[in-house]
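With the first letter of the sequence shown counted as 1, position 155 gets the number 155 in UniProt numbering; the numbers rise by one all the way through. By construction, the Cβ of each residue, glycine as well, lies at the ideal position given by its N, Cα and C atoms. Source: prediction; values computed, not measured.
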Amino acid sequence: MSRYAELASRIQGIQWKGKPEFRKSQARLTQEYLRRSALWTQELGTGGWPFYDIAHHVNPEVRAPSGVIEETLSSLAEYATFYVARTVEWALHFAALKDTGEELPKLPGPFSPLIAVYERGDAINYTPSGFIEVGGLTVTRGQVHRYAQVEPLEDFSENFLQKMDEEGQSNRHHKSA
1 MSRYAELASR IQGIQWKGKP EFRKSQARLT QEYLRRSALW TQELGTGGWP
51 FYDIAHHVNP EVRAPSGVIE ETLSSLAEYA TFYVARTVEW ALHFAALKDT
101 GEELPKLPGP FSPLIAVYER GDAINYTPSG FIEVGGLTVT RGQVHRYAQV
151 EPLEDFSENF LQKMDEEGQS NRHHKSA
């Protein structure tokens with residue numbers, strides 16, 4: 001199975017939640033996306049950060065099939081934002097680019113952290129004031145060069161993310177006590 005078809009299948013199987021759970025891990029995954037997007041932006045010398053079609057800047061000729069994109073986008077929750085739809089589409093194009101075997105910069109896949117956010121049931125939104133909302137929390141957009149220096153998040157396993165959330169919950173309850 002192609003990478004884009006596998007990714008489309010994963011996205012189409014997402015169980016979206018209507019209510020944010022205020023999870024620290026979702027904010028951290030979003031920061032990891034911003035870091036990876038910043039690295040790609042610096043490598044390619046492009047604009048549009050943080051949300052843009054990275055595959056188009058690498059090779060505009062390579063696109064995921066429009067039928068796959070349409071089917072995948074139609075599976076998104078009603079409350080999925082413009083940015084969820086766009087990043088899903090761009091992730092599919094990036095997966096199609098990887099399928100070609102074209103040599104790419106030695107950088108981590110940019111969209112994996114956002115897909116992890118979506119697979120955990122949350123959506124993102126980019127506000128006019130420059131914040132990214134995820135899971136009931138906000139993440140500051142910041143600057144490309146600063147996000148490029150953020151410590152990487154290497155572990156996306158459910159166990160690790162759950163532990164991060166539990167620690168965030170206990171810290172929040174401790175502070176309010």
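- DSSP links Y126 through a beta bridge to I132.
- Judged by DSSP in its simplified three-state form, V62 adopts coil rather than helix or strand.
- Runs of the alpha helix (DSSP H) lying entirely within the stretch 20-69, each at least 4 residues long, are 24-44, 54-58 in chain order.
- Here K24 has M164, D165, G168 as same chain residues with Cβ atoms under 7 Å from its own Cβ, once five neighbours each way along the sequence are excluded.
- Remark: C-beta atoms of V144 and W49 approach each other more closely than 7 Å.
- Around the beta-carbon of S37, 16 or more other beta-carbon atoms lie within 10 Å, marking it buried.
- When Cβ pairs closer than 8 Å are counted between the two stretches, the stretch 85-103 is seen not to touch the stretch 126-142, the count staying below three.
- Taken through DSSP and simplified to helix, strand or coil, T72 comes out as helix.
- Separation of K106 and M1 (C-alpha to C-alpha, rounded to the nearest whole angstrom) is 23 Å.
- Counting C-beta pairs with one atom in each stretch, the stretch 39-47 and the stretch 82-90 have fewer than three that are closer than 8 Å, which means they do not touch.
- The stretch 153-160 makes no contact with the stretch 5-14, as fewer than three CB pairs between them are under 8 Å.
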